Amino acid sequence: MKVIIAEKPSVAREIAKVFGANTKKDGYIEGKGFTFTWAFGHLLQLAAPQEYGYYGWSVQHLPMLPPKFKLSIRKVKTKDGVVDDPSVKKQLDTIQKLFDEATEIIVATDAGREGELIFRYIYYYLKCKKPFKRLWISSQTDEAIKEGFRNLKPGSDYDTLFNSAHCRSQSDWLVGMNATQALSLSSGIRGAVLSLGRVQTPTLAMICSRYLENKNFVPETFYQVSIHPDKDGQVFKAISSENYKTKEEAQAVLDQVQDVEGGFPQGGHILQVEAKPRKEPPPLLHDLSSLQQEANKRKGFTADQTLTILQNLYENKLVTYPRTGSRYIGDDVFAGVPALIEKLEQHPLFGKQAIALGSATLNKRSVNAKKVTDHHAVLTTGENPHQLSPDQQAVYDMVAGRMLEAFHQDCIKEVTKIVVQSGAKFNASGTVIHTAGWRSVFNDKEDDKKDEENATLPKVTQGENLPITAKALLEKQTKPRPLYNEATLLKALETAGKEIDDEELRYAMKDSGLGTPATRAAIIETLLKRNYIIREKKNLVPTTTGIAVYEVVKNQQIAQAELTGTWEKRLEEIRSGASVTDFQNEIKTYTRAITSELLAQGKSLKIPTAQTIETKATA
């Protein structure tokens, strides 16, 4: 009997359906010589401190460095306390029985780091010794599943992927357990649980740092002068090339402007005209993180909402694997793109663009097999969507629309800059799109044009003089960097806080970012659950507890985004075969250091008594 184990019941049912298996049993489905069973996500976790003999919270136990980690059944809270989840125990018993009877085990958990961890923890907990094969697919369509089963991989091919996942799990335990107890105990706040984590804490530090920078920002007033030259009835706006610190300086410049009302019909001299054609390449295809950012900007969806919707679309065979960190596809996948585009010709929003692309040469900017890791970028599958909720339709459309954008032609534009002399120098700029290319898919206004003074500029010639119809003195203030919202935070997490706008450079740094595309939504939700941050309109704002924790840890290693980002890079290197032992030793050294730092710093923690704090009794 061949036993296939999936990550959740719904996926097992879909795979069973492809094989024509439909005999439902308690905890599995069988038929056609196959048995299909499932986990419920993470059934097992690394054991709690008390299972290693660390009873109670005590400074004497710190740092807790178990010589060997144990696995424990997922826990639930009951009126009798925290106990093993009975539904998990029951399912593990079912899996044990099926594994014992199996002639072959096929792993069909999600094809990624966490999916591998879920299976391996079950496999090792049950002390199973049977060989297993791996189903590795990027789509849940029937054909993709069949193709995947025709090309099963030896389980050992994914040993390094498990090593990476296991090291991630261990490092999160070591840093999270020790740092949380160290800060909580040294704070002196009775019963407090002040949660810290390897990725959670530097993320909190980024949010708090930006919030305090914004809150403490002292705006500075400055002045500009604007003029309105007229070219054959088309008036445009030009702004002084310099900012002035005092109103008097700006007024002196204003007084020099020779405007029509002052009796100077030819008061502006065209000093320079610069018109540059510019090709703007299409954006890369979406990975999970970029899609979460777009969904937050367009619809206000949280990162967690977007992931949940996308996972649902994946399980309904409409999009490819959602938890990908790649924005590229290989040539083999690209060969099927024209057929996917053709399927969108009936789409109510994008049909015309899909038809136009059908006869065009497709842009290959997003085609690079070397940049595809475990899974390629998110694509539609060609399956026809029906009866989607408005939110599901919105996310599906973002995937479909980005796919059309990515394979579309460049946007051809002309960027014009005019320098006008009227006493001082004044600059006017504008952009004219000659060929919309990929921008025609959504017809969005460009971000960098939203604040542009002139939608279009008239044709002017260097050396000519134009009448100035109006002039004005402008009083303005400097502005702080905006608070983080989910879109900008996700973008910052990709590069461990470095502000990089270039999407290809940002993508190149993804292995050094905080967390992974698959985990960042959970990081934000954890900070919300801990009452360290709240959502205020679209912004993420720290609470007094969050600020208090930040003030204690801000100069400690655990809050350093770049340092933590290097661990993610190391985990990817383990995926490629780097030493597990070296990483484990470094994490232990790191844990000793932060535990010592926090035990010394905790006493400086100041939280108002009115602020809610999670306690050990409810943790």
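Residue numbering for the sequence shown follows the numbering used here, beginning at 32 and increasing consecutively.
We treat Cβ as the ideally placed atom computed from N, Cα and C, and that holds for glycine.
These numbers were taken from a predicted model, which means no experiment stands behind them.
Checklist line | Identity of the residues DSSP links to residue 69 by a beta bridge | finding: If you number the sequence shown from 1, residue 69 lands on position 38. Residue pairing by DSSP places residue 69 opposite 37 in a beta bridge.
Next item on the list: For the segment 294 to 307 and the segment 449 to 457, state whether three or more C-beta atom pairs, one from each stretch, are separated by less than 8 Å.
Entry: With the cut-off at 8 Å, the segment 294 to 307 and the segment 449 to 457 touch.
Notebook entry, point to check: Among 396, 64, 441 and 342, which residue has its Cα nearest to the Cα of residue 171?
Noted result: One-based indexing of the sequence shown puts residue 171 at position 140. Closest option to residue 171, judged by alpha-carbon separation, among 396, 64, 441 and 342: 342.
Notebook entry, point to check: Straight-line CA distance for residue 511 to residue 281?
Noted result: As a first step, residue 511 is located in the sequence shown; it is residue number 480 there, counting from the start. As a first step, residue 281 is located in the sequence shown; it is residue number 250 there, counting from the start. Taking the CA atoms as reference points, residue 511 sits about 23 Å from residue 281.
Item checked: Assigned secondary structure, residue 366 (DSSP; H/G/I helix, E/B strand, else coil) -> For the purposes of this step, residue 366 is identified with residue 335 of the sequence shown, where counting begins at 1. Coil.
Notebook entry, point to check: Looking at residue 459 and residue 248, is the spacing between their C-beta atoms short of 8 Å?
Noted result: As a first step, residue 248 must be located in the sequence shown, where it is residue number 217. As a first step, residue 459 must be located in the sequence shown, where it is residue number 428. Contact: no.
Margin query: Mapping the DSSP letters down to three states, classify residue 251 as helix, strand or coil.
Written below: Here residue 251 refers to the residue found at position 220 of the sequence shown. Three-state DSSP puts residue 251 in coil, outside helix and strand.
Next item on the list: Measure the Cβ-Cβ separation of residue 421 and residue 291 and say whether it is below 8 Å.
Entry: Position 390 of the sequence shown, counting from 1, holds the residue named residue 421. Position 260 of the sequence shown, counting from 1, holds the residue named residue 291. Taking a C-beta distance under 8 Å as the contact criterion, residue 421 and residue 291 do not qualify as a contact pair.
Margin query: Using only the alpha-carbon positions, how far apart do residue 593 and residue 455 sit?
Written below: Position 562 of the sequence shown holds residue 593. Position 424 of the sequence shown holds residue 455. Distance between the alpha carbons of residue 593 and residue 455: 45 Å.
Checklist line | Residue span of the alpha helix (DSSP H) that contains residue 657, given as start and end | finding: Given that the chain is displayed from residue 32 to residue 650, the structure contains no residue 657 and the question cannot be resolved.
Checklist line | 8 Å contact criterion, which residue 619 and residue 96 should meet: CB distance rounded | finding: Locating residue 619 in the sequence shown gives position 588, where the first residue counts as 1. Locating residue 96 in the sequence shown gives position 65, where the first residue counts as 1. Between residue 619 and residue 96 the beta-carbon gap is near 6 Å, inside 8 Å, which marks them as a contact.
Note to self: If you reduce the DSSP assignment to three classes, tell me which class residue 117 lands in.
What the structure shows: The residue you call residue 117 lines up with position 86 of the sequence shown. It is helical.
Checklist line | Chain-order list of residues whose beta-carbon lies under 7 Å from that of residue 544 (same chain, five-residue window excluded) | finding: What you label residue 544 is simply residue 513 of the sequence shown in a count that begins at 1. Counting only Cβ-Cβ distances below 7 Å, and skipping sequence neighbours, we find 524, 525, 526, 527, 596 and 599.
Next item on the list: Put residue 463 into one of helix, strand or coil per three-state DSSP.
Entry: Start at 1 with the first residue of the sequence shown, and residue 463 comes out as number 432. Of the three classes helix, strand and coil, the one that applies to residue 463 here is strand, per DSSP.
Margin query: Using CA atoms only, rank isn't needed, just tell me which of 402, 274 and 272 is closest to residue 3.
Written below: Lying before the first or after the last residue shown, residue 3 is absent from the chain, which here runs from 32 to 650.
Next item on the list: Can you tell me which of the three DSSP states residue 323 falls into?
Entry: The sequence position of residue 323 within the sequence shown is 292, counting from 1. Here residue 323 sits in helix by DSSP.
Note to self: Would residue 335 and residue 552 be called neighbours here (beta carbons separated by less than 8 Å)?
What the structure shows: One-based indexing of the sequence shown puts residue 335 at position 304. One-based indexing of the sequence shown puts residue 552 at position 521. Contact flag set, yes.
Notebook entry, point to check: When the distance is taken between beta carbons, is residue 183 closer than 8 Å to residue 161?
Noted result: As a first step, residue 161 must be located in the sequence shown, where it is residue number 130. As a first step, residue 183 must be located in the sequence shown, where it is residue number 152. The Cβ-Cβ distance between residue 161 and residue 183 does not fall below 8 Å.
Check: For residue 439, which of helix, strand or coil comes out of DSSP?
Finding: Taking the first residue of the sequence shown as position 1, residue 439 is located at position 408. DSSP places residue 439 in coil when its eight states are reduced to three.
Next item on the list: Check whether the Cβ atoms of residue 570 and residue 521 lie closer than 8 Å to each other.
Entry: As a position in the sequence shown, residue 570 is number 539, starting the count at 1. As a position in the sequence shown, residue 521 is number 490, starting the count at 1. Not in contact: residue 570 and residue 521 (Cβ atoms no closer than 8 Å).
Notebook entry, point to check: Which full runs of the alpha helix (DSSP H) of 4+ residues lie inside the segment 585 to 610, going along the chain?
Noted result: Counting only runs of 4 or more, we get 592 to 606.
Next item on the list: Pull up the CB-CB distance for residue 41 and residue 79, whole angstroms please, since I reckon it's below 8 Å.
Entry: Locating residue 41 in the sequence shown gives position 10, where the first residue counts as 1. Locating residue 79 in the sequence shown gives position 48, where the first residue counts as 1. Going by Cβ atoms, the distance from residue 41 to residue 79 rounds to 30 Å, so no, they are not a contact pair.
Next item on the list: Name the two residues that bound the continuous beta strand (DSSP E) containing residue 346.
Entry: Locating residue 346 in the sequence shown gives position 315, counting from the first residue. Here residue 346 belongs to no beta strand (DSSP E); instead the alpha helix (DSSP H) covers 334 to 346.
Checklist line | Three-state secondary structure assigned by DSSP to residue 281 | finding: Numbered from 1 along the sequence shown, position 250 holds the residue referred to as residue 281. The three-state reading of DSSP puts residue 281 in helix, counting H, G and I together.
Item checked: In DSSP terms, what residue 203 is bridged to -> If you number the sequence shown from 1, residue 203 lands on position 172. In the DSSP assignment, residue 203 is bridged to no other residue.
Next item on the list: Below 8 Å CB to CB, which residues in the same chain sit around residue 585 once its five sequence neighbours on both sides are set aside?
Entry: Translated into positions along the sequence shown, residue 585 becomes position 554. Hits under 8 Å: 236, 239 and 240.
Next item on the list: With a floor of 3 residues, list each beta strand (DSSP E) that falls wholly inside the segment 130 to 175, ordered by position along the chain.
Entry: Correct list: 135 to 139 and 163 to 165.
Notebook entry, point to check: Should residue 417 go down as buried or exposed, given a rule of 16 or more other Cβ atoms within 10 Å for buried?
Noted result: Here residue 417 corresponds to residue number 386 of the sequence shown, with the count starting at 1. Flag for residue 417 reads exposed.
Checklist line | Buried or exposed by the 16-neighbour rule on C-beta atoms within 10 Å, applied to residue 640 | finding: Along the sequence shown, one-based indexing puts residue 640 at 609. With a pLDDT of 48 at residue 640, under the threshold of 50, the modelled position of that residue is not reliable, and the figure given next carries that caveat. Classification for residue 640: exposed.
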